[in-house]
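J.:
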Amino acid sequence: MNDKMKELVRLSSESSALDRDIIEKQLEIKKRIMRVSGLISLYRIKKGSDPPVELLKIRDRLFNEYMKK
């Protein structure tokens with residue numbers, strides 16, 4: 072292979088690694104959102120009232136972080 076092809080292959084593999092990292096981070100954030108949403112639902116079912124505002128803020132912050140990426 073010539074140098075240009077080697078460089079393209081290297082850049083392609085680096086890009087794939089970055090894409091995988093981004094996808095893994097988004098998946099982790101999505102899991103956290105699901106956990107917090109589950110806690111909110113459970114609180115509403117068990118207590119019959121709105122959950123603490125802190126839980127709602129955490130869910131909103133995680134959702135905003137997820138949407139940025």
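Residue 133 in our numbering is what sits at position 62 of the sequence shown, and the numbering runs on without skipping anything.
Idealized CB from N, CA, C, for every residue including glycine.
So does the stretch 128–140 actually touch the stretch 101–108, counting three or more Cβ pairs closer than 8 Å?
T.: The stretch 128–140, when compared against the stretch 101–108, does touch it at the 8 Å Cβ threshold.
J.: Which first and last residues belong to the alpha helix (DSSP H) in which G119 is found?
T.: It is not in any alpha helix (DSSP H) - G119 carries neither H nor E in the DSSP assignment.
J.: Looking at the secondary structure, which residues open and close the alpha helix (DSSP H) in which N73 lies?
T.: Segment: none, N73 is in no alpha helix (DSSP H) and carries neither H nor E.
J.: Buried or exposed: which applies to V107, given that a residue is buried once 16 or more other Cβ atoms fall within 10 Å of its Cβ?
T.: Buried, because 16 or more other Cβ atoms sit within 10 Å of the Cβ of V107.
J.: How many whole angstroms separate the CB atoms of K111 and L89, which I take to be in contact at a CB cut-off of 8 Å?
T.: It should be noted that the sequence gives Ile, not Lys, for residue 111. With a Cβ gap of about 33 Å, I111 and L89 do not count as contacting.
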